[in-house]
Amino acid sequence: MLDLPVSRRRAPLASIVSAALLATAATALAEEAAAPKFDTGDTAWMLTSSALVLMMTIPGLALFYGGLVRTKNVLSTLMHSFFCAALISVTWVLYGYSLTFGPDVGGVIGNASFFGLSGVLGTASALAPTIPQMLFVIYQATFAIITPALISGTFAERLRFPAFALYMLLWSTFIYSPLAHWVWGGGWIGAQIGALDFAGGTVVHISSGISALVTALYLGKRVGYPETAMPPHNLPLTVVGASLLWVGWFGFNAGSAVSSGELAATAFVNTNTGAASAALGWLAAEWIRAGKPTMLGGASGAVAGLVAITPAAGFVTPLASIVIGLAAGFVCYTAVSIKPRFGYDDALDVVGVHMVGGTLGALLTGVFATKDVNSAIPTLTLGLDGGLLYGHPGLMTKQLIAVVATYVFCGVGSYLLLVLVNAITPLRAPIDDERMGLDLSQHSETAYSS
Amino acid sequence: MLDLPVSRRRAPLASIVSAALLATAATALAEEAAAPKFDTGDTAWMLTSSALVLMMTIPGLALFYGGLVRTKNVLSTLMHSFFCAALISVTWVLYGYSLTFGPDVGGVIGNASFFGLSGVLGTASALAPTIPQMLFVIYQATFAIITPALISGTFAERLRFPAFALYMLLWSTFIYSPLAHWVWGGGWIGAQIGALDFAGGTVVHISSGISALVTALYLGKRVGYPETAMPPHNLPLTVVGASLLWVGWFGFNAGSAVSSGELAATAFVNTNTGAASAALGWLAAEWIRAGKPTMLGGASGAVAGLVAITPAAGFVTPLASIVIGLAAGFVCYTAVSIKPRFGYDDALDVVGVHMVGGTLGALLTGVFATKDVNSAIPTLTLGLDGGLLYGHPGLMTKQLIAVVATYVFCGVGSYLLLVLVNAITPLRAPIDDERMGLDLSQHSETAYSS
Amino acid sequence: MLDLPVSRRRAPLASIVSAALLATAATALAEEAAAPKFDTGDTAWMLTSSALVLMMTIPGLALFYGGLVRTKNVLSTLMHSFFCAALISVTWVLYGYSLTFGPDVGGVIGNASFFGLSGVLGTASALAPTIPQMLFVIYQATFAIITPALISGTFAERLRFPAFALYMLLWSTFIYSPLAHWVWGGGWIGAQIGALDFAGGTVVHISSGISALVTALYLGKRVGYPETAMPPHNLPLTVVGASLLWVGWFGFNAGSAVSSGELAATAFVNTNTGAASAALGWLAAEWIRAGKPTMLGGASGAVAGLVAITPAAGFVTPLASIVIGLAAGFVCYTAVSIKPRFGYDDALDVVGVHMVGGTLGALLTGVFATKDVNSAIPTLTLGLDGGLLYGHPGLMTKQLIAVVATYVFCGVGSYLLLVLVNAITPLRAPIDDERMGLDLSQHSETAYSS
Amino acid sequence: MKKIEAIIKPFKLDEVKEALAKEGIQGMTISEVKGFGRQKGHTELYRGAEYVVDFLPKIKIELLLQNEQATKAAEVITLVARTGRIGDGKIFVLPVEDVIRIRTGEHGEQAI
Amino acid sequence: MKKIEAIIKPFKLDEVKEALAKEGIQGMTISEVKGFGRQKGHTELYRGAEYVVDFLPKIKIELLLQNEQATKAAEVITLVARTGRIGDGKIFVLPVEDVIRIRTGEHGEQAI
Amino acid sequence: MKKIEAIIKPFKLDEVKEALAKEGIQGMTISEVKGFGRQKGHTELYRGAEYVVDFLPKIKIELLLQNEQATKAAEVITLVARTGRIGDGKIFVLPVEDVIRIRTGEHGEQAI
Ligand SMILES: Nc1ncnc2c1ncn2[C@@H]1O[C@H](COP(=O)(O)OP(=O)(O)O)[C@@H](O)[C@H]1O
Ligand SMILES: Nc1ncnc2c1ncn2[C@@H]1O[C@H](COP(=O)(O)OP(=O)(O)O)[C@@H](O)[C@H]1O
Ligand SMILES: Nc1ncnc2c1ncn2[C@@H]1O[C@H](COP(=O)(O)OP(=O)(O)O)[C@@H](O)[C@H]1O
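As they're listed, the protein sequences go chains Z, Y, H, W, R and A. Heads up: the first sequence begins at 6 in my numbering, then just goes up one per residue. Heads up: the second sequence begins at 6 in my numbering, then just goes up one per residue. Heads up: the third sequence begins at 6 in my numbering, then just goes up one per residue. Heads up: the fourth sequence begins at 28 in my numbering, then just goes up one per residue. Heads up: the fifth sequence begins at 28 in my numbering, then just goes up one per residue. Heads up: the sixth sequence begins at 28 in my numbering, then just goes up one per residue.
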């Protein structure tokens, strides 16, 4: 990737990737131009967005998941998110950023130029020309952190901590970095196919969702599941978590404009509208099917909507966001309701929410994307100025390719990593440790005392 | 309202309303000018402010209220805030924004121009000329969300969920949108009377407070009130809620500068000073009257101060904020203390905090407002350059008119809506459902398990 | 200090102090220049940073500490943070800002020019020339709030509330304001010695840490310590607190760039990297020494890393941050582990985390600081362009002087204040009150009911 | 001396406590328990799944009394805690051999 | 009539409840208690310090039954709650003088 | 065999546990209860309102013992749990008919 002292402004992340890559990927690479002039407003918003996205993981996701498990596992569940934040913050600086956003090697991976963030100071990334590359590094770090943390919902309450730590390390290195490179870093999905993913429908949600499915199948069920009811030990924590996810997601989606202007504003509106509509959709589905709307349903619906609107946020209108949100609420509710029929134990419904919601969002982006909202679409999609609704079925094909590629890569990859990790250190906690709870057995701690 | 590609900067929301409206309300309406040039710094701050104000409702207000109810009602109370966020986010996009900020119809309501946010993309609002109108839409959405959610404190622990949902929908449509239009959207209170309301003293706090009073009277008391003690089930949640309200309120008040400059900074300082002084005031009053200062007192005082400083934040000096805050602490503490004498059951003290605090703040704005802090005051107030303290009793009259109008409109309006809702679906939960708790009876859920 | 309508940008706080002070401290003082032109982007980031740093104290620190105490003391512990926010917000406006950042009197203290914030409106501080001084006031207020609140961890569970309130008032006035003046406000440590402290290693952490030690020694142990186990009553609250501290710390450190550009971005990256590395370091140490990594260990490690990176954040590379973080994790873990040998009862480990971590960070800043990251270093350090690692042992001497001066001043000062307070109103709660818990005995409240 | 253990509906506690106080009963010990009986539980929802909760919250009151007072107390509780609907609860009467007041070391009826 | 008090491991509750229900036992009262016994506690960590927790979570089941049912119930619990490892718990059998059903005022075996 | 139920002040638990252990008592079951008695409750504040809380936190210790041990245990508890101030609590001694150890199925004194 090239470091330009560019002054072009307010183009979406993805647009610049393609534009830059299609044009002259080779030229500017080595030469460090005169210190780039950054925009203080864009920088301010991206600093804020970085903080917001970290807040999504800690404490947002930690609480969302932590409230749903049983008392004896709450600390181990909080640890899943917290440890991902710690671990990946460091590996991202050491090598993760470079593999993901370093100059492209064969459309597959970044090279080692930015290891240890060498060469980053004083430059801008071509993907974010108006802010310091140092800021782009940390903004992207927060995405790299949350993605594996999302998977942790599937293996909650039964994974040994050493295996967890190793799995996350490997997943982040061998699945996340390549995939993010393919879609955003100049790899084949973004730059050659021209699929649209505004803020991480494939990279973050489908990837974590399909990996969650594979992990749940590989690990097996928790002791007592599904005969024994395992009600959430503290739903207010989950509601706080969902609320902070909602608020933090503005950094995730509106931040993906990598600038402080109308595109960010539109993504912000769409994000909020999608979350809200999906909460209403899920509540309505519940009310109809189970007789009562629930607080957990509202919270889960909002998250499902946020997932589904993620790939679309910078490409569609607010009215389209309502449709996407309502669809996400209904579809994810249904997916989660019928889970028991399939027999796997995806403890906190990562599959039903992230895999299903992410796929839905990716495909509906292919329907609703429009140049009216984002004039960079023709460049990004290699010529189409909108989705199915605007008469261009071609975009759907691109989206489908991206989705299927993500399923295959992450599904197979996660399976191989699980086998590997299990060979090194056992994944499952022994039954007595699981019964005693992971807090005591893995961490020698108890969450609540008097 | 007109969409100008204006470059005027850093004038407070209200000033532009009047200025624009008094001048040439008719002209620019239809014609969409060349794409306006936005300020990235102003935009960055307003993106942040929008996130902060949503955070006030979820999880801020949800927790503030949720901690105060009994265990069996915590989820239903969280749901009040969460559902308002979901519902009004959608209606605001569909029609709310247009009714409130659409071109004025007879000083009373906005028209349908912006239904579904059509025509918003690519424009600026005259009320916020340096940021995308799309951003102004979502910023205002967060105000429209929190206002009805505030009322929910009065009817906690006894309202049926279907009635709640309908009441909020109607209240938001028929009370909030007109009132906000009158004060900020070019209606008669802001543009013709020239009353000052920087960030929502009348629109948000008096309106929700008086409606809370009417609702409490109409609904009747909770079973067992006041004989049985109903202590808060989880005060730490309430403290977290109050803290997030405090932090989020910077978006509410400093964001109401609709720009990133000295006015925002001054409003920020005043907000913090008002909150802090009122916390001290309430604690002092408690210490004197009840013998001990309490944590809930500190938290309640801070919120009372935030309420009282809201209309004043962009018009007064920091020293005036100390006076306003101390007064709010003492007065709201007293209001809440003597509530039992009046016999209504305002469960979580919306009246004592928001109605009383909001009224106090609106009137003290009439005392302390000064052109030194906000040079737009003469334009806004139709000629007066300050309040009572600066020798202009005229401003007090304007403030009084605004306050009384809000009482009458919201009081009568809420009453009519309650009657209507109750005719459609009963408001009160049956006594057994109330005893069992709303979490189980309305949502089939339990907050805490083991 | 002088109020310049300067347009110089993106220099770190400290650089301007020195530069300005070494140059022409006397000149511009009285004359108010033409209204300065502020940068909206810098202003946006500093508004956000101010909100973030307040969030560190409420609810961040309040929860971090509140979760660690026993159920019967949680409200009193929350109150410690909340009351500091209320009290110091007001005193800062009245006189604190002026004493700290008012024009220097003999290198020792600020004068009374800015009492009541008079003369602040419409000006910029020379320390932050691109933002309104009003904003600099509130940003600095949030630092003045958190510092005494940090001390509260040492005296938790046994201090009487009246004594607490008085102690905080005096400490803030007689310790914090002078010390912050010395380091940042133009006093002798920053301007004459040339020691580096980017965001408060000495001013915030060493000062609170050494005072905590003196306070613990003076107060004596809690009843039952150390024979009786006093496990944290709610570790999830502590994890939420640590997470919000982490997120809010971006405002603390990246905000200390007082601008929205590359320096802020670098400080942001270093802050995150330091926190993460220290969490890993603490967990590794625990794993090795006690056999298990714990959730509280991860949270404590992150905070220790944030402390240690604070003085260094704007002066070192991300790789140096990893070293600083790992060191902080190991060293603070060890400090906390061996505490029992010394026999004092620092209830929540303020000494082991803030005194030890702050000292470590200050000294390692002397090792790793480099002009490559911050070109203002030669000006700030009076000629050295980096630390030990870059061949300049001289910086270590400066850092050592600053550290020792802070120890002596805060240690002796706190002792005198404790004696004074105790003479006015007893510090320790009577044994029965302590047994009953401070919530009931000091505040007549109970945190949790059903 | 008898020990009375009464399982009652939680919202009846205040009334029962006051009625017993009126009888001159000066001490009691209570705890939160969960009961399972003829009163059926409720269904809870969890993301589209339903599960039945059998155990309902009850309050257990423990009372140490002289024989006559015990009879009287059982009557009072039966009267006051009754709503007439399933789940009102039970009272158990158990024999007791001794009571000691820790503060004074007194035994037997003195110690109640 | 007898009162049975059984202290069991928490994860055995569901099985025990079902086994008792199969015996036709229609009511019971449970509570969360902590037990100390031969089963040793565990060590917890707190910032480098270790402390031992002796008391382990247990469930206490209280059952009021006629004599034969009581014998049967004790057998069933012994069987179902057993894991064979230390800490499985105890069953205590106490005499009862009377039982009252609050809803109806019935006394004795009627009221169980 | 006897069952001892002791209601004590919570902060005395550790001392009592150790004193009993010294007597060779190897098992006990405890729970959190609330007590109402001569010791008066406290006033709590809620936004300017005051309300009295009558029930104070206590710990209930349940002990199954042979007769002599029971007498001894009651003495020890009386001694150790005493502060001499109102509210120190009570000890109740109840007759027991049988004890079963679930792990082994042993009955009677063997099972204690
Ligand atoms: N045999 C029993 N042993 C112990 N507790 C019982 C027994 N039967 C009922 N209970 C307790 O009494 C409560 C009420 O009993 P239930 O059968 O529901 O209604 P009712 O009291 O109207 O007969 C139960 O929830 C349980 O706590
Ligand atoms: N003497 C006793 N009195 C009361 N409860 C006891 C007694 N002994 C044991 N218990 C209870 O039984 C539980 C199990 O006892 P323990 O000695 O650990 O194992 P086991 O039941 O296998 O003998 C304890 O945790 C405690 O709750
Ligand atoms: N008659 C009683 N029945 C059951 N428990 C009692 C009785 N009287 C007292 N208690 C319990 O003993 C505790 C202490 O009793 P109280 O009267 O306050 O003081 P004292 O033990 O000094 O007489 C009470 O809180 C309550 O838990």
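For each residue, glycine too, the CB sits at the ideal point set by N, CA and C. The model shown is predicted, which means the values in this text are computed figures rather than measured ones.
Distance cut-off 7 Å: residue i Cβ against heavy atoms of ligand 3
{"i": "residue 77/Z", "result": "no"}
{"i": "residue 441/H", "result": "no"}
{"i": "residue 85/A", "result": "yes"}
Residue i burial status per 10 Å Cβ neighbour count (16 or more: buried)
{"i": "residue 49/A", "result": "exposed"}
{"i": "residue 436/H", "result": "exposed"}
{"i": "residue 79/Z", "result": "buried"}
{"i": "residue 75/H", "result": "buried"}
{"i": "residue 373/Y", "result": "buried"}
{"i": "residue 29/Z", "result": "Confidence at residue 29/Z is low in this model, with a pLDDT of 35, below 50, so its placement is unreliable and the value that follows should be read with caution. Residue 29/Z is exposed by the Cβ-count criterion."}
{"i": "residue 225/Z", "result": "exposed"}
Cβ-heavy atom distance, residue i to ligand 1, below 7 Å
{"i": "residue 115/W", "result": "yes"}
{"i": "residue 51/R", "result": "no"}
{"i": "residue 34/W", "result": "yes"}
{"i": "residue 55/R", "result": "yes"}
{"i": "residue 329/Z", "result": "no"}
Range of the contiguous alpha helix (DSSP H) that encloses residue i
{"i": "residue 58/A", "result": "Counting along the chain, residue 58/A falls outside any alpha helix (DSSP H), though it belongs to the beta strand (DSSP E) covering 55-63."}
{"i": "residue 33/A", "result": "From DSSP, residue 33/A is part of no alpha helix (DSSP H) but of the beta strand (DSSP E) over 29-35."}
{"i": "residue 99/A", "result": "94-107"}
{"i": "residue 267/Y", "result": "267-295"}
{"i": "residue 403/H", "result": "399-429"}
Check: residue i C-beta below 7 Å from any heavy atom of ligand 2
{"i": "residue 64/R", "result": "yes"}
{"i": "residue 89/W", "result": "no"}
Residue i: contacting residues in chain H (beta-carbon distance under 9 Å)
{"i": "residue 62/R", "result": "None at all; the shortest Cβ gap to chain H is about 18 Å."}
Own chain partners of residue i with C-beta closer than 7 Å, once the 5 adjacent residues on each side are dropped
{"i": "residue 125/Y", "result": "119, 138, 139, 142"}
{"i": "residue 299/Z", "result": "291"}
Under 9 Å by beta carbon: chain R residues contacting residue i
{"i": "residue 341/H", "result": "74, 75, 76"}
Per-residue contacts from residue i into chain Y (C-beta, under 7 Å)
{"i": "residue 59/A", "result": "The premise fails here: residue 59/A is roughly 14 Å from chain Y at the closest Cβ pair, so nothing lies under 7 Å."}
Amino acids of chain A, ordered along the chain, whose beta-carbon sits closer than 8 Å to that of residue i
{"i": "residue 220/H", "result": "The premise fails here: residue 220/H is roughly 25 Å from chain A at the closest Cβ pair, so nothing lies under 8 Å."}
Cross-chain neighbours of residue i in chain H, by beta carbon under 7 Å
{"i": "residue 53/Z", "result": "53"}
Distance cut-off 7 Å: residue i Cβ against heavy atoms of ligand 5
{"i": "residue 139/A", "result": "In the structure shown, ligand 5 is absent; the only ligands present are ligand 1, ligand 2 and ligand 3."}
Within chain W, the residues that residue i reaches when beta carbons sit closer than 7 Å
{"i": "residue 445/Y", "result": "69"}
Extent of the continuous beta strand (DSSP E) to which residue i belongs
{"i": "residue 118/W", "result": "117-122"}
By the 8 Å beta-carbon criterion, what residues does the region 30-55 of chain W contribute toward chain D? In the displayed structure, chain D is absent; the protein chains listed are Z, Y, H, W, R and A.
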